Amino acid sequence: MSVLAAPNEVVTRALLRQVNVPGLDRPAALITLDNGLDHTKPNTFGPAGLTSLDEAITAALAANPAFVAITGKPYIFCVGADITGLPLLADREQALEIGRLGHRVFARLKDSSVPTFAFINGAAMGGGLELALHCHYRTLSGGAAALALPEVSLGLVPGWGGTQLLPNLIGIPAATQVIVQNPLMQNKMLKPKQAAEMGVADVLLEPADFLERSLEWAAGVVRGEVTVTRPEVDRDMWAGVLYFARQTLDQRLHGAVPAAYKALDLLDTAKDADFATGTAAEDEALADLIFSEELRSGLYAFDLVQRRAKRPAGAPDKSLARPVTKVGIVGAGLMASQLALLFARRLQVPVVMTDLDQARVDKGLGYVHTEIEKAVTRGRMDKGTAAKLYGLVSGSVDRSVFGDADFVIEAVFEDLAVKKQVWAELEKIVTPEAVLATNTSSLSVTAMAEELEHPERVVGFHFFNPVAVLPLLEIVRGERTDDATLATAFAVGKQLKKSSVLVKDAPAFVVNRLLTRFLGAVFAAVDAGTPLDVANSALDSLGLPMRPLALLQLVGPAVAYHVGGTLHAAFPDRFGVSENLKRIADSGQPIVVDDEVNPEVAKLLVVGDAPLTAEQVRQNALDALAEEIRLMLDEGVVAEAQDIDLCMILGAGWPFHLGGVTPYLDRTGTSERVTGRRFLPRGAASLPA
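In this text, residue positions in the sequence shown follow the numbering used here: the first is 86, and each later residue adds one.
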């Protein structure tokens with residue numbers, strides 16, 4: 086394909102108009118980026134969009150303006166390159182052309198003799214932020230949703246000048262944070278205030294009259310009445326910062342994300358190289374990465390999170406959902422308290438917690454109040470919102486307060502008999518239409534509801550801890566759950582701003598079942614005599630967010646043992662029960678201290694005399710995952726392999742460069758060797774054949 090003809094590109098037009106600004110003797114040229122769609126379809130740059138911008142800059146400069154400014158449509162500046170065209174590139178030369186085209190067009194703003202301004206009115210990411218960095222000056226709206234250079238999270242690098250411009254603007258420590266660290270921290274974004282404090286923008290303005298104030302400010306700069314000063318960049322610390330960043334990457338990723346290392350190389354180049362040399366290096370790095378397996382997995386994962394997560398497979402018609410005007414929560418422990426705050430913040434309806442005694446209720450309410458106070462202190466919540474939330478969340482020891490609740494969720498001890506008793510008591514109190522949701526992590530929703538008069542209104546509603554952070558919600562359909570209940574559950578999940586995946590009522594559902602199988606393979610190696618540190622480091626080459634034993638410690642050995650027992654009862658041939666894990670749980674000792682295995686734990690173990698190598702541990706764990714995923718798909722636990730990957734990305738934090746999990750299993754040949762076939766067609770999350 087021609088680099089200037091990308092199929093299916095949603096073209097962002099650069100619309101030029103002349104603007105008379107008081108105090109200037111001639112009009113300014115204002116270019117507005119607009120793809121003609123609302124803010125839910127952000128501006129992006131493909132070849133045609135870059136060409137439109139190029140033409141607008143030519144026309145703007147030809148009119149001899151007082152200055153040239155670029156802004157975006159409402160709420161959106163530009164979120165970067167149109168990555169949907171990347172898999173269509175046929176060869177490396179085309180990839181180089183994409184980089185060079187963006188560099189050539191953007192550089193016209195940097196090299197212009199006429200002052201150039203970026204009025205960042207909304208979200209600015211990737212190539213959108215790089216466009217702004219090429220302008221001589223930048224204003225920023227306090228209402229801009231997010232600013233970021235997220236390319237490394239996908240398996241790319243900022244390829245249109247970001248690695249060269251940003252460190253020389255804000256310094257190497259902050260630039261390394263934005264370009265490398267933030268993308269690897271679940272793609273963390275900058276808020277406007279933080280970006281302005283870093284020096285990404287020259288001035289932060291209120292959103293209500295942002296364009297007018299930006300024009301006034303720019304006119305002041307042009308007239309010489311506003312002087313923009315920027316701190317001098319400390320170049321002496323450059324090498325030290327990058328050395329430390331590389332060490333951190335080695336410890337955390339062990340070479341698993343080539344894009345992160347390429348980004349550090351480019352940041353190193355930015356210290357002394359001229360701009361042309363630096364951007365040429367970006368072109369070469371971009372071309373290399375575009376034809377990497379990690380990028381194809383990253384693009385696949387990005388599509389899952391951006392598209393599939395918003396259209397859950399198998400969800401019933403949303404018109405069947407019932408309104409929820411009050412929420413009840415059974416329990417007032419940590420999980421229940423987190424849920425209470427989340428429901429109150431997102432649904433803006435009364436939320437009431439109950440527990441066995443007033444002391445527990447008070448403790449739960451205390452947690453909610455403390456979290457609200459923290460949010461106010463940190464500037465994340467205004468006092469008016471805080472006052473409203475205080476009023477919405479209440480507690481009681483009398484479950485009759487659930488009588489008028491439309492949605493009741495339990496977060497009590499993970500024991501089937503206890504949960505069945507809770508629902509039996511509540512069914513006598515709530516209305517026949519009230520949805521009864523369980524936050525169980527492994528127990529059968531069907532069994533929980535089987536003795537109720539209305540089992541059709543019981544649904545699994547499985548959150549992941551911490552509730553406010555992890556976006557996944559496994560919605561579990563029991564054998565008798567009806568469509569209205571399920572539709573209400575999905576509607577509530579959407580209001581909570583969670584990504585919901587429909588899951589069949591099967592032991593431990595998706596994430597916990599896979600993580601238990603995965604950890605089980607690792608711990609089986611320990612039981613066989615493999616040293617703890619060998620087993621713990623065996624999966625390093627995958628670049629997972631946590632090593633196995635750190636994950637086990639986060640979950641809690643007692644919880645892991647309990648879930649493992651549930652799965653052993655269901656699938657004894659694949660899920661073992663480790664007495665060593667029980668010994669660790671009973672001891673209360675931490676397994677990991679400062680990212681190192683606790684030597685005291687090793688003394689507790691009773692092990693065999695057949696230790697495995699790190700390679701054997703890794704392959705056993707991958708084989709176990711491949712087998713379990715194939716069985717889950719055959720059982721219909723989820724609709725497709727894509728839902729498995731979405732769950733692992735959003736619920737377990739597994740990285741984009743793995744595509745969740747199935748693209749990696751395909752890429753390494755594990756899928757075909759263990760199950761006889763791939764999970765995904767070749768080219769779907771990998772390079773074409």
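The beta-carbon is built from N, C-alpha and C at its ideal position, and this holds for glycine as well.
These numbers were taken from a predicted model, which means no experiment stands behind them.
### Task
Check whether the Cβ of Gln727 lies closer than 8 Å to any Cβ atom in chain D.
Of the protein chains in this structure there is only one, and it is not chain D.
### Query
Roughly how many whole angstroms lie between the Cα atoms of Arg466 and Ser481?
Taking the sequence shown and counting its residues from 1, the one referred to as residue 466 is at position 381. Taking the sequence shown and counting its residues from 1, the one referred to as residue 481 is at position 396. Note on residue identity: the sequence assigns Met, not Arg, to residue 466. The alpha-carbon atoms of Met466 and Ser481 are separated by roughly 26 Å.
### Cβ contact check for the segment 760 to 769 and the segment 647 to 654: 3 or more pairs under 8 Å
no
### Query
Whose CA, out of Leu135, Pro740 and Ala635, lies closest to the CA of Leu389?
Locating residue 389 in the sequence shown gives position 304, where the first residue counts as 1. Measuring from the Cα of Leu389, the nearest candidate turns out to be Pro740.
### Query
Which partner residues of Met210 appear in the DSSP bridge assignment?
By 1-based counting over the sequence shown, the position of residue 210 is 125. Met210 is bridged to Ala233.
### Message
Taking 8 Å as the limit between beta carbons, can you name the residues of its chain near Val530, skipping five residues before and five after?
### Response
Counting from 1 along the sequence shown, the entry for residue 530 is found at position 445. Thr523, Val543, Val544, Gly545, Val561, Arg562, Gly563, Thr566 and Asp590.
### Task
Can you have a look at Gln506 and say buried or exposed, based on whether 16 or more other CB atoms are within 10 angstroms of its CB?
In the sequence shown, the residue the question calls residue 506 occupies position 421. Looking at its Cβ environment, which holds fewer than 16 other Cβ atoms inside 10 Å, Gln506 is exposed.
### Query
Based on Cα-Cα distance, which residue from Ile255, Arg298 and Leu214 lies nearest to Met274?
Translated into positions along the sequence shown, residue 274 becomes position 189. Comparing Cα-Cα distances from Met274 to each of Ile255, Arg298 and Leu214, the minimum goes to Leu214.
### Query
CA-CA distance, Thr136 and Gly416?
As a working note, residue 136 is residue 51 in the sequence shown. As a working note, residue 416 is residue 331 in the sequence shown. So the alpha carbons of these two residues sit roughly 59 Å apart.
### Message
My parser needs the alpha helix (DSSP H) runs of 4 or more residues fully inside the segment 297 to 367; what are they?
### Response
323 to 338 and 343 to 354
#### Entry: Pairwise C-alpha distance: Ala324 and Gly256
Translated into positions along the sequence shown, residue 256 becomes position 171. Translated into positions along the sequence shown, residue 324 becomes position 239. Straight-line Cα distance between these residues: approximately 12 Å.
### Task
Examine the ligand HEM and report whether any of its heavy atoms sits within less than 7 Å of the Cβ of Leu380.
Among the ligands in the structure shown, none appear at all, so the ligand HEM cannot be discussed.
### Query
Cβ atoms of Val436 and Leu412: under 8 Å apart, would you say?
As a first step, residue 412 is located in the sequence shown; it is residue number 327 there, counting from the start. As a first step, residue 436 is located in the sequence shown; it is residue number 351 there, counting from the start. Sequence check: residue 412 is Val here, not Leu. In this structure, Val436 lies closer than 8 Å to Val412 by Cβ.
### Task
Report the residue ranges of all alpha helix (DSSP H) runs contained in full by the segment 633 to 709; include only those spanning at least 4 residues, in chain order.
633 to 640, 642 to 655, 664 to 672 and 684 to 687
### Query
Hey, quick one: how far does the alpha helix (DSSP H) through Val164 stretch, first residue to last?
Walking along the sequence shown from the start, residue 164 turns up at place 79. From DSSP, Val164 is part of no alpha helix (DSSP H); its letter is neither H nor E.
### Query
Going along the chain, which unbroken runs of the alpha helix (DSSP H) with 4 or more residues stay wholly within the segment 438 to 524?
443 to 462, 468 to 477 and 501 to 512
### Query
Excluding sequence positions up to five away, which residues of its chain have a Cβ less than 8 Å from the Cβ of His339?
As a working mapping, residue 339 is identified with position 254 in the sequence shown. Cβ within range, chain order: Asp625, Ser626 and Gly628.
### Query
Since Phe603 contacts Ala709 with CB under 8 Å, what's their CB separation in whole angstroms?
Within the sequence shown, residue 603 is the residue found at index 518, counting from 1. Within the sequence shown, residue 709 is the residue found at index 624, counting from 1. At roughly 6 Å, the Cβ-Cβ gap stays under 8 Å, so Phe603 and Ala709 are in contact.
### Task
Please classify Glu559: does DSSP put it in a helix, a strand, or coil?
In the sequence shown, counting from the first residue as 1, residue 559 sits at position 474. Three-state DSSP puts Glu559 in a strand.
### Query
From which residue to which residue does the beta strand (DSSP E) around His124 run?
Taking the first residue of the sequence shown as position 1, residue 124 is located at position 39. Note, His124: premise wrong, no beta strand (DSSP E); not H, not E.
### Query
Given that a residue counts as buried once 16 or more other Cβ atoms are within 10 Å of its Cβ, and exposed if not, what is Met86?
Position 1 of the sequence shown holds residue 86. Bear in mind that the predicted position of Met86 carries a pLDDT of just 34, short of 50, making it too unreliable to give a figure here.
### Task
Just the C-alpha distance for Asn128 and Lys276, rounded to the nearest angstrom, thanks.
Indexing the sequence shown from 1 puts residue 128 at position 43. Indexing the sequence shown from 1 puts residue 276 at position 191. Their Cα atoms are separated by approximately 19 Å.
### Burial state of Val515 (16 or more Cβ within 10 Å)
As a working note, residue 515 is residue 430 in the sequence shown. Buried, by the Cβ-count rule.
### Message
Across the segment 636 to 647 and the segment 712 to 722, are there enough close Cβ pairs to call them in contact, namely three or more that are closer than 8 Å?
### Response
no
### Query
In angstroms, rounded to a whole number, what distance separates the CA positions of Ala635 and Ile264?
Position 550 of the sequence shown, counted from the start, is the residue given in the question as residue 635. Position 179 of the sequence shown, counted from the start, is the residue given in the question as residue 264. Taking the straight line from one Cα to the other gives about 26 Å.
### Per-residue DSSP class, three states only, for Ser526
Here residue 526 corresponds to residue number 441 of the sequence shown, with the count starting at 1. Of the three classes helix, strand and coil, the one that applies to Ser526 here is coil, per DSSP.
### Sub-8 Å separation of Thr97 and Asn120 beta-carbons
By 1-based counting over the sequence shown, the position of residue 97 is 12. By 1-based counting over the sequence shown, the position of residue 120 is 35. Yes, these two residues count as a Cβ contact at 8 Å.
### Message
Suppose contacts are defined by Cβ-Cβ distances below 8 Å. Is Val619 in contact with Val692 by that definition?
### Response
In the sequence shown, counting from the first residue as 1, residue 619 sits at position 534. In the sequence shown, counting from the first residue as 1, residue 692 sits at position 607. For Val619 and Val692, no; Cβs fall outside 8 Å.
### Task
Check whether the Cβ atoms of Gly240 and Leu374 sit closer than 8 Å, and answer yes or no.
As a first step, residue 240 is located in the sequence shown; it is residue number 155 there, counting from the start. As a first step, residue 374 is located in the sequence shown; it is residue number 289 there, counting from the start. Result yes, Cβ atoms of Gly240 and Leu374 sit closer than 8 Å.
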